[in-house]
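K.L.:
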Amino acid sequence: MIGLDTNVLVRYIMQDDAAQSAKATALIESLDSANPGFVGMVVIAELYWVLSSCYALGAGQFQQALQLLVQSRQIVVENADTVLRALRAFAGGKADFPDCLIACAAASAGCARTVSFDVKATRHAGMSLLA
1 MIGLDTNVLV RYIMQDDAAQ SAKATALIES LDSANPGFVG MVVIAELYWV
51 LSSCYALGAG QFQQALQLLV QSRQIVVENA DTVLRALRAF AGGKADFPDC
101 LIACAAASAG CARTVSFDVK ATRHAGMSLL A
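Each residue of the sequence shown is one higher than the one before, counting from 1 in full-length UniProt numbering.
Structure, rendered in structure tokens:
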């Protein structure tokens, strides 16, 4: 198994740099279930930020790309069930994906609640406002 950094996934998904995209594609397509790539939750959060802010990728496009990564046999996503729950929460509401991921990760860890000063996160990601 080898770890995959955010920039490798960005090049693979966006195909925006001929040389790097070709290398990323060749690497990812060479992976399989016996020798998969590993994508950590930090990479998933950073991937959302890069794709939404630098590439203006819409929520639906991000959801589709992440769903394909999680379902891939050649990619192991850290805490994939938590990532999928966060993706469903993100798809069904107005919260930012990282807030959904934070709330779902905390719930998976057994937390009774997640507190935040972020009013939007408390309204839409299931967090509690720390007042």
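The C-beta atom is built at its ideal place from N, Cα and C for all residues, glycine as well.
1) So, are the CB atoms of THR114 and ALA131 less than 7 Å apart?
2) Pull up the distance between the alpha-carbon of CYS111 and that of PRO98, whole angstroms please.
3) Ordered along the chain, which non-local residues of its own chain (more than five positions away) have a Cβ less than 8 Å from that of LEU87?
4) Taking 7 Å as the cut-off, decide whether the C-beta atoms of residue 147 and VAL42 are in contact.
5) What are the uninterrupted segments assigned as alpha helix (DSSP H) that are 4 or more residues long and contained completely in the stretch 10-53, given in chain order?
6) Return the first residue and the last residue of the alpha helix (DSSP H) that LEU130 is part of.
7) What are the complete beta strand (DSSP E) segments, minimum 3 residues, inside the stretch 75-118?
8) Following the continuous alpha helix (DSSP H) through LEU4, name the residue where it begins and the one where it ends.
9) I think GLY37 touches ILE75, with their Cβ atoms under 8 Å apart; what is that distance to the nearest whole Å?
10) Under three-state DSSP, which class holds LEU68?
11) If we ignore side chains and look at the alpha-carbon of each, how far apart do ALA95 and SER128 end up?
P.N.:
Let's see:
1) To locate residue 114, count along the sequence shown from 1; it is residue 114. To locate residue 131, count along the sequence shown from 1; it is residue 131. Pairing THR114 with ALA131 gives a Cβ-Cβ distance that is not under 7 Å.
2) For the purposes of this step, residue 111 is taken as residue 111 along the sequence shown, with counting starting at 1. For the purposes of this step, residue 98 is taken as residue 98 along the sequence shown, with counting starting at 1. Rounded to whole angstroms, CYS111 to PRO98 spans 17 Å at the Cα level.
3) Here the question's residue 87 lines up with position 87 in the sequence shown. Sequence-distant partners of LEU87 (beyond 5 residues in either direction) whose C-beta falls short of 8 Å from its own C-beta, in its chain, are GLN63, LEU66, GLN67, VAL70, PHE97, CYS100.
4) The shown model of the chain, from 1 to 131, leaves out residue 147, and the question about it has no answer.
5) Correct list: 18-30, 41-49.
6) Looking up residue 130 in the sequence shown gives position 130. Taken as a continuous stretch (DSSP letters only), LEU130 belongs to no alpha helix (DSSP H), as it is neither H nor E.
7) The stretch 75-118 contains, as complete beta strand (DSSP E) runs of 3+ residues, the segments 75-77 (chain order).
8) Position 4 of the sequence shown, counted from the first residue, corresponds to residue 4. Unbroken run through LEU4: none, as it is neither H nor E.
9) Taking the first residue of the sequence shown as 1, we reach residue 37 at position 37. Taking the first residue of the sequence shown as 1, we reach residue 75 at position 75. About 5 Å; that satisfies the 8 Å criterion.
10) Translated into the one-based positions of the sequence shown, residue 68 becomes position 68. Helix.
11) Along the sequence shown, read from residue 1 onward, the residue named residue 95 stands at position 95. Along the sequence shown, read from residue 1 onward, the residue named residue 128 stands at position 128. Straight-line Cα distance between these residues: approximately 13 Å.
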